[in-house]
Amino acid sequence: MTEETKSLRDIRLDKLARLRERGVDPYPVASTRSHVIRDVTTAFDELEGKEVAVVGRVTALRPHGRASFADVTDATGKIQLYFKSDLLGERYELFDLLDLGDFVGAAGKVFKTKTGEITIAAEDFTLLAKGLRTPPVVKTEKTEEGDVTHDEFADPEKRYRKRYLDVMVNPQARACVLTHAEVLRAARRFMAEQGYAEIETPILQPLYGGANASPFTTRHRDLEMDLYLRIADELYLKRLLVAGLEKVYEIGKDFRNESIDRTHYPEFTMLEAYEAFGDYRTMMALTRGLIIAAAEEIRGTLKLTYQGREVTLEPPWARVSLVATLNERLDVDVLNEETQTLSDLYVLHYLKRYDEPQRGNTETNEKKAREAMYGASRAKVIDALFDLLVACDIWNPTFVVDYPAELSPLAKRQPDNPALAERFELYLCNMEIANAFSEQNDPAEQRKALEAQAEAGAAGDEEAQQMDEDFLEALEYGMPPAGGLGVGIDRLAMILSDAPSIREVIAFPCIKTDIERAVTKEVALSELRRLYIEIVGESIDKDPNKKYLEYKYVPMLMGIVVGVKRSTAKGIVEYDLRSGMVNDPRFATRKFNEYQNKIRAYFGDEFPKDKLDHYFQEFYIKGAEDAAIKNSLFEMHAELIDILVCEEKIRLIERITVIGKPIRAKTGPVFGFGVKGAWDIKVGKVYFAVTTQGRNETSFRIFPDLKYFDSTIKSGTLSGLIDFTKKSEKLKIGLPIERSELEDKIIELSLIYEPIPFPEVPGPHSLRKKIDSIDITEDILALL
RNA sequence: GGGCCAUUAGCUCAAUUGGCAGAGCAACUGACUCUUAAUCAGUAGGUUACAGGUUCGAUUCCUGUAUGGCCCUCCA
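Offset between the first sequence (1-based) and my numbering: plus 262.
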């Protein structure tokens, strides 16, 4: 929190206290409202001169001595209040204690001002909720050319981070969130009218299926099993068709562990519907009916504008054949052409489309395009070609049919062309909105298709579908022929609210949290020793009103732990070298000689003596100057050794970052630090140990994904291991600490990086058990 | 995974070839009984995201990091 917001908030806290002194309850339980604001403005002719009571938030204040104006806004609209000392008497003084953002209730007669503004002359007004923070001030100027907005709350990061402010002050943001709700309502109403039953199927699933995507995984503690967050509802809804239900649907969140962009979000809302005795043509009619019903209900028209471009939903909707369109565009027979030729065509057209350097079309991207295509199956290349050449230019609603069967393992094949699936995707405004099949109900065919997926998975396709024996068994009891449909609700909401990004229609889009936003410092290769941060305490610096948290590094290194410093906020210093305590400088000097020998033993005589001397001089002298703080010659020695060993041993590591300064937290008194390595490590492992002592608990987390290490310890050491055998990872460790707790905290963090391959890739569960049994001390000693 | 851009007061934005970090709104004090981006006078508000480098001197130039945005890739 900055000083600025503090003082603004303090001013408001003062006002709060003054209100209480006057006997005003700033947070009363009840409020009186006779009209919502829109009803007052629309029915002005009837209400003029009559008394009304409205409630809302103060969105503008215009004081004029002993008569003042305020704008009050509720969910329906905005109205002006007129406060006049003649009418209010003593209560007029309370106007001075009002701030932007407060909720108030006001009662009085409706009238029009000289300038024609519909206004309520307050004869009574009540504070309903005092705001302690100033909302962003956005003003709208009425001009001849229309309204001009000033000081718009527009920074995308701030908008997403504080979405409640965004929705508070930006009408467009509010509209997007509400449109999403209206789409849900319209969809439910429409599906109910069609006779569909809304079912809730599991979100936590032992196997994921129904789409090709990477899942999120989680763990059920008591069952001791890994579970997946669903990527689709499909396989469970189809089981209900087996059960004899005929029209089922579900609206729910699906989760796909993939990147975020304008049209993709890892947690998104999907409507899936299955109708027994239907097929994908049935689903076409259903899709069109659903979307038209939603548009008519929400927008009242089928002629829309999306991102400045007109789009019409009026039937008939176009239908294009994927294969035929490509054949025509490319002048080949895609289903029989050599895959290599198709790949070449892809790269050719890719370069054609993205030939401007501004669009990030670098040589590497070209290479990647080539590599991706040259390894891919014909079906995938066909699909990529279609996306590149056709799909991304479709604007008005268009059903795309004739998908390669290979891309649709859960769909039936076309009877007269088994290479193609009974499937469509609906494209609208360059987006894929819906996907539907005639569902595969032949257990043998389904098994074959899933086996092919399993093979692809085994060959490294991370998005291949899993073999679901239970689903196949269910199919063997007989599933009626059926049509199935999936509709992206968020994307539909985008189009209906003219939102440029899917995140606009999601109420609270994900954004990195504060603890991970800790101020960071990069440590150069030569500074790798500094991997341990000590909180020294608060200091007063120049300005007595400002406090800074002081911290300093304790010598550590990657590869070998030289010494671990233990220190409290009071400044007690001692060293534990795993070989005894050191607190005597003379002893430290002796220790240094020992380490010197050790270095020579380690590196042989190749290690240049002048380099050693240089480091020694530099750090000795620096250390002497800085002695009052560092208070230990030995520390210099430790740093020296760190450098010597690090530079030689840690060549594999490109760089490492230490996170260590107090967060400039705007949300609360949190201190965080962590260590983050941006290492290009393909194999290897990192040991870590965190020790805390103190009265209060310390919650402790390792980022990004190592949930097994997310725990709370009161006192003691938690150690573990992170392996980098699967892929290069970033390591972050965060310790959120309340500022008030700093005084009694002792925290140590040790890290050792060992760049050797892991013998096996243990599953998450076995990894956890392994970690429990690790004795980190032995590993440290082994390295020494 | 890659490219480009951005980050300065609570909000929106300035700052000349590298030379004292500024304005409007919001806040505070004062004036004002029909204003509406109210107005007028004054006051206060900054580790220029973070770290390092170059320089007599860095918001400005260089390097790195963080966060965010757009695009490519991926997400069939």
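Where a beta carbon is used, it is the ideal one built from N, C-alpha and C, also for glycine. Being a predicted model, the structure only gives us computed values, none of them experimental.
So the candidates are the options; which of them puts its Cα closest to the Cα of residue i?
i	options	result
D704	L360, E559, E694 and L737	L737
R282	L356, E713 and D645	L356
L394	Q702, Q342 and P288	P288
G339	R324, K509, Y354 and R319	R319
F661	V431, M532, A315 and A547	A547
R295	D358, V366, R524 and F331	V366
D678	P671, C691 and D664	D664
P680	Y689, E668 and L690	E668
A247	R450, L604, E462 and R581	Outside the displayed span of the chain (263 to 1046) sits residue 247, for which this structure offers no information.
D361	H482, K376 and R274	R274
Y354	F331, H297 and E735	F331
E529	I299, V298 and D752	D752
E380	D333, R423 and D409	Residue identity differs from the one stated: residue 380 is Ile in this sequence, not Glu. Among D333, R423 and D409, the Cα nearest to that of I380 belongs to D333.
P325	A337, Q342 and A315	Q342
K774	T388, G562, K424 and I560	K424
S521	F770, R765 and D276	R765
S476	H482, N519, Y739 and L485	N519
N658	V582, A279 and A673	V582
L712	E694, F699 and L734	L734
E460	E508, L485, H526 and T480	E508
V302	D336, L323, G285 and A322	D336
Answer with buried or exposed for residue i, where buried requires no fewer than 16 other C-beta atoms within 10 angstroms of its C-beta.
i	result
M487	exposed
P666	buried
S990	A caution first: S990 carries a pLDDT of 33, below 50, which makes its placement in the model unreliable, though a value can still be read off. S990 should be labelled exposed.
Q715	buried
N598	exposed
E724	exposed
F452	buried
T574	exposed
G363	buried
L588	buried
T549	buried
P464	exposed
Q467	buried
D413	exposed
E600	exposed
G351	exposed
Could you name the residues that DSSP lists as bridge partners for residue i?
i	result
T574	K565
D488	R481
P666	L682
N697	E687 and G748
E410	First, the amino acid is wrong: residue 410 is Val here, not Glu. According to DSSP, V410 bridges with E403.
M532	G514 and G750
H526	D523
L389	V366
D333	A322 and Q342
Q676	N679
Can you find the residues in the same chain that come closer than 8 Å, C-beta to C-beta, to residue i, ignoring five residues on each side of it along the sequence?
i	result
Y608	A631, M635, V643, A646, L647 and L650
E572	K565 and L566
R421	F415, L427, D428, N432 and A435
G457	K509
T544	E537 and G745
Grab me the residues of residue i's own chain with a C-beta within less than 7 Å of its C-beta, minus the 5 sequence neighbours each way, in chain order.
i	result
N697	E687 and G748
I656	Y689 and N692
V429	A435, R436 and V439
Using a threshold of 7 Å, is the CB atom of residue i nearer than that to any non-hydrogen atom of the ligand HEM?
i	result
F331	Of ligands this structure carries none, so the ligand HEM is not represented either.
Among the residues of its own chain, which have a CB less than 6 Å from the CB of residue i, if the five just before and after it don't count?
i	result
S293	V317, G367 and L390
L469	Q728 and D730
E701	A744 and G746
L278	P288 and K392
F478	L491, F517 and N519
L787	Bear in mind that the predicted position of L787 carries a pLDDT of just 26, short of 50, making it unreliable; the figure below should be weighed with that in mind. Cβ neighbours of L787 beyond the five flanking positions: none.
A329	K346
>> Assess contact between the stretch 504-517 and the stretch 712-719, defined as three or more Cβ pairs (one per stretch) separated by less than 8 Å. Is contact present?
In response: no
>> Using a Cβ distance threshold of 8 Å, determine whether the stretch 396-414 contacts the stretch 332-347, with at least three qualifying pairs required.
In response: no
> Can at least three beta-carbon pairs, one atom from the stretch 441-453 and one from the stretch 747-764, be found at a separation below 8 Å?
Replying inline: yes
> Do the stretch 367-378 and the stretch 299-313 meet, that is, are 3 or more Cβ pairs less than 8 Å apart?
Replying inline: yes
>> Check whether the stretch 490-500 and the stretch 529-543 are in contact - that is, three or more C-beta pairs closer than 8 Å.
In response: yes
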